[in-house]
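**Student:**
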Amino acid sequence: MEISVVLADGTQRTVPSDCTASELAALIGRRLSQDSVAAKINGTLRDLNTVLSDGDRVEIVTRDSDQGREILRHSTAHVLAQAVVDLWPGTHFAIGPPISDGFYYDFELPGGRHFSDEDLERIESRMREIIAEDQTFVRSEYSISDGLRLFRDQPFKREIIETVAGQMSEPQEEELNEGVEEGEISVYRNSSGFIDLCRGPHVPSTKVLGSFKLMRVAGAYWRGDENRPQLQRIYGTAWESDKALKEHLLQLDEAEKRDHRKLGLELDLFHFPPEIGGGLPVFHPKGALIRQLMEDFSKTEHRKAGYQQVWTPHLAKSTLFEISGHLGWYKAGMYPPMEMEGATYYLKPMNCPMHILIYKSRGRSYKELPLRLFEFGTVYRFERSGVLHGLARVRGLTQDDSHIFCAPDQLPHELTRLLKFVIAMLMAFGLSDFEAELSTRPEKSVGEDYEWEEATAALDHALKESGINYTVAHGEGAFYAPKIDVHLKDAIGRRWQVSTLQVDLQEPQRFGMEFVDSDNTRKRPYMIHRALFGSVERFFAILLEHYAGGLPVWLSPIQVSVLPVRDDHDDYACQVVNELEKLGARVEMLSADEPLGSRIRKAKLDKVPFVVVVGDSDVSEGTVGVNARGSQSPERGVQLSEFIARISPDLAGKPLGESFD
RNA sequence: GCCCGGGUAGCUCAGUCGGUAGAGCAGCUCACUCGUAAUGAGCAGGUCAGGGGUUCGAAUCCCCUCUCGGGCUCCA
């Protein structure tokens, strides 16, 4: 008997009737067979030993595909659990899914024990033994009740089975659904006898695995709920080959070198004095200069784009935040109150209520709309100590915050214009790889359905008009507003969330905002919240990491270092410095009290864009030696005028050059 | 906040069995005046995060606190 199956490329293939996916792979080719880890049969991932049926559409999943890597990682997690249970009998094991770049597994060790870093080495060795033993993964299925019996000593597994069995009618989250479906559970058994609840598929045998490394141990709450037990999580990374693993580890090293906290220290930009408190940075002269350059550029462009800059204080009476609703919705995120002269004051967690008061300071006409208020507003948020992370997550931050008040019919156009402005500004900072996310109404929210629909539609329209790629995150909006989040990919492919645009449905109402329309009726304006950089601190961190500290010339604290070869070149060096300063360049001179090589090294470590060396021949010829950041070899004998012409265009940020209307 | 791991000179780190603190870089002084990523010598620099305990004796062992890092949760 023979059957016919359809391959991934659409061709038909006749195979023996008891042919497995694995045998099919072998029939197609040796290489494919070697690289296969699972099969996709009629769109569903299955084990390689699945017997094929007539008419099946079969795709062999290889180890170097995204799905293949997921399976490798998942199976490696399984081996991790096996190793831990071997080493600590009586361990309860919970879940062990693949994640990006790797996998984890959550455990509860007997006697409330915790893993230490040394344990990771022992576990890893045991895993390598299991892998060397070439243990097979064999799937079998049980009824719910048999499953509960099988895992009678594993409370987390039982809970997964029970929860999912109890809610079988409703569609489940993938993760919670592991190994449980349609009144049955599936388990995988190794040849050593280790059993794990798992939906699969798995690789056929542990020998397929091996390019992995355990990375770290961490605490993680069971099912992500901080009211439930905290388990011991082990993270690992796993790849299709040792080469891919090595590349990944190199990438991690690269990311470490770019860590903005490290660069901040090395380049003398900022630090976090413990005396001030966690999450509260101080900016040193060079760091403050960079901030100022960023802010100045942004302010100029905002003015040109029709924004009006405002200024508001850092504190306000509780009344303001009662009206705005922050004390109702967000109190846990605010700093505790201060009592003064019978009133209660809070540090502001957001600038919007104050901007609204500026709007409300007098009657507003439709002729003034859209009214775009803009501020570098410093806000304070009580972030839990464990979440602080350098400049990327702080307790005191400066938002490049804008609130745009417009008439309802202006909303779609205003949002489109805004999104274009946001993208143009980010591009001016040398970022170009964006994606957006449209977050819709969450369960816990306020407002009328039609308002949410209108606002969400306007955001959707703006996304389409701007041409940016986007996805919809259902139910991820703020309680008061749907929003667009702009994410960017940095130079080494990491995603960062930056800008956020929200249509506020609540505050205009809470504050009773109005404008007089052309027909002399009073109407409620729409309000858009927007932070473009997100926060200046976080954006600063992103830029540092994106550029690995080598900021664009216009943002570099020192743009040119001038190095006379000997003392008697000082006069000429000063002339060069003067010429460059006339252009507005930020220049420093490193005189010859140290060897030239040493001074060059210093300037290079400071990531100065242009190191200019002047010696005998330069004095007589009116030239400079240019050692540009990133170039392989220095350039001798460049005419000063030519050097000036070359660098002039890059000394200041490039205007956005669009009108946005 | 919770779990794990750290905290020794401004920075990066060493410090044996518990015996009283060390290097490189940076800093300062002097000498060197040099053509593209480290000139040499000397000097100075520490309440070993803080507090408590064990001990004849603690950077080292124990407890508590603070703080930093990695995660979890959180991010209106």
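Using this note's numbering, read the first sequence as starting at 849 and increasing by one per residue. Note that the Cβ used here is the ideal one computed from N, Cα and C, for glycine as well.
State buried or exposed for residue 1340, treating a residue as buried only when at least 16 other CB atoms are found within 10 Å of its CB.
**Tutor:** As a first step, residue 1340 must be located in the first sequence, where it is residue number 492. By the neighbour-count rule (16 or more Cβ atoms within 10 Å), residue 1340 is not buried but exposed.
**Student:** Express the C-alpha separation of residue 1108 and residue 1063 in angstroms, rounding to a whole number.
**Tutor:** Numbered from 1 along the first sequence, position 215 holds the residue referred to as residue 1063. Numbered from 1 along the first sequence, position 260 holds the residue referred to as residue 1108. Straight-line Cα distance between these residues: approximately 22 Å.
**Student:** If you reduce the DSSP assignment to three classes, tell me which class residue 1408 lands in.
**Tutor:** The residue you call residue 1408 lines up with position 560 of the first sequence. Here residue 1408 sits in strand by DSSP.
**Student:** Can you give me the C-alpha to C-alpha distance between residue 923 and residue 864, rounded to a whole angstrom?
**Tutor:** Against the first sequence, residue 923 aligns to sequence position 75. Against the first sequence, residue 864 aligns to sequence position 16. Taking the straight line joining both Cα atoms gives about 29 Å.
**Student:** Determine which residues share a DSSP beta bridge with residue 1061 and list them.
**Tutor:** Position 213 of the first sequence holds residue 1061. According to DSSP, residue 1061 bridges with 1085.
**Student:** Tell me the rounded alpha-carbon separation between residue 1348 and residue 1262.
**Tutor:** The count along the first sequence starts at 1 and reaches residue 1348 at position 500. The count along the first sequence starts at 1 and reaches residue 1262 at position 414. Whole-angstrom Cα-Cα distance: 15 Å.
**Student:** Measuring from the CB of residue 981, is there a heavy atom of the ligand MN at a distance below 7 Å?
**Tutor:** The ligand MN is not part of this structure, which contains no ligands at all.
**Student:** Would you kindly report the start and end of the unbroken beta strand (DSSP E) that includes residue 1350?
**Tutor:** Position 502 of the first sequence, counted from the start, is the residue given in the question as residue 1350. Residues 1343-1352.
**Student:** Just checking my contact of residue 1033 with residue 995 at CB under 8 Å: how many whole Å lie between their CB atoms?
**Tutor:** Within the first sequence, numbered from 1, the residue matching residue 1033 stands at position 185. Within the first sequence, numbered from 1, the residue matching residue 995 stands at position 147. Between residue 995 and residue 1033 the Cβ distance is about 4 Å, and since that is below 8 Å, they are a contact.
**Student:** Go through its chain and collect everything with a Cβ distance to residue 1504's Cβ below 7 Å, but skip five positions before and after it.
**Tutor:** Along the first sequence, read from residue 1 onward, the residue named residue 1504 stands at position 656. The answer, listed in chain order, is 1149, 1272, 1273, 1276.
**Student:** How long is the line joining the alpha carbons of residue 967 and residue 1186, rounded to whole angstroms?
**Tutor:** Within the first sequence, the letter at position 119 stands for residue 967. Within the first sequence, the letter at position 338 stands for residue 1186. Computed Cα separation, rounded: 48 Å.
**Student:** With distances taken between CB atoms, is the gap from residue 1420 to residue 1384 smaller than 8 Å?
**Tutor:** Taking the first sequence and counting its residues from 1, one reaches residue 1420 at position 572. Taking the first sequence and counting its residues from 1, one reaches residue 1384 at position 536. Contact flag unset, no.
**Student:** Taking all protein chains shown into account, decide if residue 1216 is buried (16 or more other Cβ within 10 angstroms of its Cβ) or exposed.
**Tutor:** The count along the first sequence starts at 1 and reaches residue 1216 at position 368. The residue is exposed, with fewer than 16 neighbouring Cβ atoms inside 10 Å.
**Student:** Can you give the beta carbon distance from residue 1376 to residue 1351, rounded, assuming they're within the 8 Å contact cut?
**Tutor:** Working through the first sequence from its first residue, we reach residue 1376 at position 528. Working through the first sequence from its first residue, we reach residue 1351 at position 503. Right, the Cβ-Cβ distance comes to about 6 Å (below 8 Å), so this counts as a contact.
**Student:** Residue 1361 by DSSP, collapsed to three states: which one?
**Tutor:** As a first step, residue 1361 must be located in the first sequence, where it is residue number 513. DSSP places residue 1361 in coil when its eight states are reduced to three.
**Student:** For residue 1017, count neighbouring C-beta atoms within 10 Å of its own C-beta (all shown protein chains included) and say buried if the count is 16 or more, exposed if not.
**Tutor:** As a working note, residue 1017 is residue 169 in the first sequence. With a pLDDT of 46 at residue 1017, under the threshold of 50, the predicted position of this residue should be treated as unreliable, and no value is reported.
**Student:** By DSSP, does residue 882 sit in helix, in strand, or in coil?
**Tutor:** In the first sequence, residue 882 corresponds to position 34, counting from 1. Residue state, collapsed to three classes: helix.
**Student:** Within this structure, are the beta carbons of residue 1484 and residue 1470 separated by less than 8 Å?
**Tutor:** Against the first sequence, residue 1484 aligns to sequence position 636. Against the first sequence, residue 1470 aligns to sequence position 622. Not a contact, by the Cβ cut-off of 8 Å.
**Student:** Does the distance from the CB of residue 1394 to the CB of residue 1333 come in under 8 Å?
**Tutor:** Working through the first sequence from its first residue, we reach residue 1394 at position 546. Working through the first sequence from its first residue, we reach residue 1333 at position 485. No; because the gap between Cβ atoms is not below 8 Å, this pair is not in contact.
**Student:** Helix, strand or coil: how does DSSP classify residue 1431 here?
**Tutor:** As a working mapping, residue 1431 is identified with position 583 in the first sequence. Correct three-state label for residue 1431: coil.
**Student:** Helix, strand or coil: how does DSSP classify residue 1277 here?
**Tutor:** Numbered from 1 along the first sequence, position 429 holds the residue referred to as residue 1277. Residue state, collapsed to three classes: coil.
**Student:** What residue from 1233, 1476, 1094 has the CA that sits closest to residue 1059's CA?
**Tutor:** Residue numbering aside, residue 1059 sits at position 211 when the first sequence is read from its first letter. Residue 1059 has its Cα closest to that of 1094, out of 1233, 1476, 1094.
**Student:** Cα separation between residue 1344 and residue 1190?
**Tutor:** Numbered from 1 along the first sequence, position 496 holds the residue referred to as residue 1344. Numbered from 1 along the first sequence, position 342 holds the residue referred to as residue 1190. If you take the alpha carbons of residue 1344 and residue 1190, they lie about 43 Å apart.
**Student:** If you reduce the DSSP assignment to three classes, tell me which class residue 1436 lands in.
**Tutor:** Translated into positions along the first sequence, residue 1436 becomes position 588. Strand at residue 1436.
**Student:** Between 900, 929, 908, 1091, which lies nearest to residue 1042 when the distance is taken from Cα to Cα?
**Tutor:** The count along the first sequence starts at 1 and reaches residue 1042 at position 194. When each option's Cα is compared against that of residue 1042, the closest is 929.
**Student:** Identify the continuous alpha helix (DSSP H) that holds residue 1200 and give its terminal residues.
**Tutor:** The count along the first sequence starts at 1 and reaches residue 1200 at position 352. It spans 1200-1207 - the alpha helix (DSSP H) in which residue 1200 sits, taken as one unbroken run.
**Student:** Out of 1290, 1044, 889, which one is the CA nearest neighbour of residue 908?
**Tutor:** On the first sequence, position 60 is the one that residue 908 refers to. Checked all of 1290, 1044, 889; the closest Cα to residue 908 is 889.
**Student:** Could you check if residue 1023 is buried or exposed, using at least 16 other CB atoms within 10 Å of its CB as the buried criterion?
**Tutor:** Counting from one through the first sequence, the residue named residue 1023 turns up at place 175. With a pLDDT of only 46 at residue 1023, under the threshold of 50, the placement of this residue in the model should not be trusted; the figure read from the coordinates follows. Answer is exposed; the Cβ neighbour count stays below 16.
**Student:** Could you name the residues of the same chain whose beta carbon sits closer than 6 Å to that of residue 1309, not counting the 5 residues immediately before and after it, in chain order?
**Tutor:** What you label residue 1309 is simply residue 461 of the first sequence in a count that begins at 1. Result list for residue 1309: 1260, in chain order.
**Student:** If you pair each beta-carbon of the region 1279-1291 with each one of the region 1320-1328, do three or more pairs fall below 8 Å?
**Tutor:** Output reads yes: the region 1320-1328 touches the region 1279-1291.
**Student:** Report yes if the C-beta distance between residue 940 and residue 1046 is below 8 Å; otherwise report no.
**Tutor:** Residue mapping note: residue 940 aligns to position 92 of the first sequence, counting from 1. Residue mapping note: residue 1046 aligns to position 198 of the first sequence, counting from 1. Cβ atoms of residue 940 and residue 1046: not closer than 8 Å.
**Student:** Measure the alpha-carbon distance for residue 1057 versus residue 872 and round it to whole angstroms.
**Tutor:** Position 209 of the first sequence, counted from the first residue, corresponds to residue 1057. Position 24 of the first sequence, counted from the first residue, corresponds to residue 872. Whole-angstrom Cα-Cα distance: 21 Å.
**Student:** Whether or not the region 1162-1176 and the region 1396-1408 are in contact is what I'm after, with contact meaning three or more pairs of Cβ atoms, one per stretch, closer than 8 Å; do they touch?
**Tutor:** Touching, no.
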